[in-house]
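Inspection log for the structure reproduced underneath, given as structure tokens.
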Amino acid sequence: MESTRSLKDRVFLVIKGLAMGAANKVPGVSGGVVAFVAGFYEEFIYSLQRVNKTAFKLLVSGRYKSFYRYINGKFLGLLFLGMVVSYFSVSKILDYLIENYQLYVWSTFFGMILGSIYYINKDFKDWNRKTITALILGTVVGLSISFLDPATENDNLLFVFFCGMISVSGMTLPGFSGSFILILLGNYVLLLVDSVNALYDTIFELLSGDFTFLENQVRLRMLKVLAVFTLGSVAGLVTFSHILNYILHHYKNITLATIVGFIIGSLGVVWPWKKTIYKTNMDGDFVLDSTGKQIIENYERFLPEFNSETYLAIAYIVLGVLIVLGLEWYGQRTRKVKD
Numbered sequence: 365m366e367s368t369r370s371l372k373d374r375v376f377l378v379i380k381g382l383a384m385g386a387a388n389k390v391p392g393v394s395g396g397v398v399a400f401v402a403g404f405y406e407e408f409i410y411s412l413q414r415v416n417k418t419a420f421k422l423l424v425s426g427r428y429k430s431f432y433r434y435i436n437g438k439f440l441g442l443l444f445l446g447m448v449v450s451y452f453s454v455s456k457i458l459d460y461l462i463e464n465y466q467l468y469v470w471s472t473f474f475g476m477i478l479g480s481i482y483y484i485n486k487d488f489k490d491w492n493r494k495t496i497t498a499l500i501l502g503t504v505v506g507l508s509i510s511f512l513d514p515a516t517e518n519d520n521l522l523f524v525f526f527c528g529m530i531s532v533s534g535m536t537l538p539g540f541s542g543s544f545i546l547i548l549l550g551n552y553v554l555l556l557v558d559s560v561n562a563l564y565d566t567i568f569e570l571l572s573g574d575f576t577f578l579e580n581q582v583r584l585r586m587l588k589v590l591a592v593f594t595l596g597s598v599a600g601l602v603t604f605s606h607i608l609n610y611i612l613h614h615y616k617n618i619t620l621a622t623i624v625g626f627i628i629g630s631l632g633v634v635w636p637w638k639k640t641i642y643k644t645n646m647d648g649d650f651v652l653d654s655t656g657k658q659i660i661e662n663y664e665r666f667l668p669e670f671n672s673e674t675y676l677a678i679a680y681i682v683l684g685v686l687i688v689l690g691l692e693w694y695g696q697r698t699r700k701v702k703d
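Everything in the sequence shown is counted per the numbering used here, starting at 365 for the first residue and increasing by one.
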């Protein structure tokens, strides 16, 4: 598999990782949808489930090349490289766009999810009582999640580990937004803002030879929280990938129908016309994170008025659909060239 991957394929794999990383950062958007539409979802799940006892034995015995080949290391390495780069670059741009052009960003995502539903459904022919039931259940669960009220922040390390396992579901399960799950669990700011900023600041201080952070108990606590969250995410990735690989192998049609339902349900989260509800304290003042930004608590959705802003938002929805169709066209063209 690795020997047939051209330089162009490797570059595009990093770009797909960038897209997955950016999608995972945005509440309501699932990185798994990117993997599904871009055509590498099953290889992604297959590669992750190769992280097992056999891989561990190869690693501890010093057979690093065999371990690398066994887990499809080049594929996972390039993909995760894109995700890491995205986390510190593309996602920052995305944060800026959401803050300043919220309606149009959500409209584009809404269109991309609509396009994803079309893409997955287009080649799915096995509709029957079981798959339709799975579709309805997936849709109901997806919609229900989008209307839940968030919990309060909790930095207990066991709970942080659990958050890591659950939030990574957005990478392995299309339609489930890991970042939105973190909002519901109350730890979005703690785990995706405060702890990441702590790591960012620490790296810069280390590069400049400044080790004063070792005396900063708050910083050390944030780094510990981030480490535990990362361990939980890795554990979740491996665990979910094994489960999904099994059910995709034994119940593929029902699983695909459920995934389509999850993606349909996620439209409730990314509905473009919504008012952001910010967290307040007992006195009614806005609660700020470590960067001075207001903390998002949830969204209040409404129907749009038909004006120029709405028409432009609809144009961005169309753009989102076209982006997915373009990815589909590129994937088909690539497969034809290989064949």
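No residue lacks a Cβ here, since even glycine has one placed at the ideal position from N, Cα and C. Because the structure is a prediction, the values reported are computed rather than measured.
Whole-angstrom C-beta distance between residue j and residue i, which should lie under 8 Å
i, j, result
"S605", "I409", "5 Å"
"S531", "V390", "So it is not a contact: roughly 13 Å between Cβ atoms."
"L587", "T566", "6 Å"
"V398", "A387", "5 Å"
"V634", "W470", "6 Å"
"G690", "T472", "G690 to T472, Cβ: 13 Å. No contact."
"F404", "A419", "About 20 Å separates the two Cβ atoms, so there is no contact after all."
"W637", "L676", "Wrong, their Cβ atoms sit about 13 Å apart, outside the cutoff."
Residue i and residue j closer than 8 Å at C-beta
i, j, result
"K380", "G446", "yes"
"L546", "L537", "no"
"S394", "F540", "yes"
"M535", "G396", "yes"
"E517", "L578", "no"
"L371", "S450", "no"
"F664", "I641", "In the sequence under discussion, the amino acid at residue 664 is Glu, which differs from the Phe named in the question. Yes."
"L338", "G632", "This structure does not reach residue 338, given that the chain is present from 365 up to 703, and the question cannot be answered."
"V602", "N485", "no"
Reduced DSSP secondary structure (H/G/I, E/B, other) of residue i
i, result
"K639", "strand"
"S367", "Its pLDDT being 48, under 50, S367 is placed unreliably in this model, and the value from its coordinates should be taken loosely. Here S367 sits in helix by DSSP."
"L652", "strand"
"R427", "coil"
"E673", "helix"
"L683", "helix"
"E407", "helix"
"E579", "helix"
"E517", "coil"
"R585", "helix"
"R433", "helix"
"R414", "coil"
"M384", "helix"
Backbone CA spacing between residue i and residue j [nearest angstrom]
i, j, result
"L467", "L686", "18 Å"
"M384", "V401", "11 Å"
"F376", "S510", "32 Å"
"W491", "S597", "34 Å"
"D373", "R583", "40 Å"
"L443", "I500", "32 Å"
"I462", "L423", "42 Å"
"G600", "F670", "44 Å"
"V504", "T622", "10 Å"
"G475", "E406", "24 Å"
"L652", "T644", "9 Å"
"V688", "N464", "24 Å"
"Y552", "D519", "11 Å"
"F650", "K639", "15 Å"
"Y610", "K616", "9 Å"
"G502", "L608", "15 Å"
"M365", "G426", "In this prediction, M365 scores a pLDDT of 48, lower than 50, which makes its location untrustworthy; no coordinate-derived value is stated."
"N580", "A562", "11 Å"
"G528", "R585", "16 Å"
"L570", "T497", "54 Å"
"L458", "M646", "31 Å"
"G573", "Y460", "30 Å"
"R493", "L512", "29 Å"
"E673", "Y680", "11 Å"
"F575", "F568", "10 Å"
"K421", "Y428", "10 Å"
"D558", "G648", "23 Å"
"W453", "Y564", "Before going further, note that residue 453 is Ser rather than Trp in the sequence given. Rounded to whole angstroms, S453 to Y564 spans 12 Å at the Cα level."
"L612", "I477", "22 Å"
"V560", "V448", "12 Å"
key: Contact between the stretch 620–639 and the stretch 481–493 (3+ Cβ pairs under 8 Å)   = yes
message = Across the stretch 515–525 and the stretch 580–594, are there enough close Cβ pairs to call them in contact, namely three or more that are closer than 8 Å?
response = yes
Meets three-Cβ-pair contact criterion under 8 Å: the stretch 428–436 and the stretch 403–417 = yes
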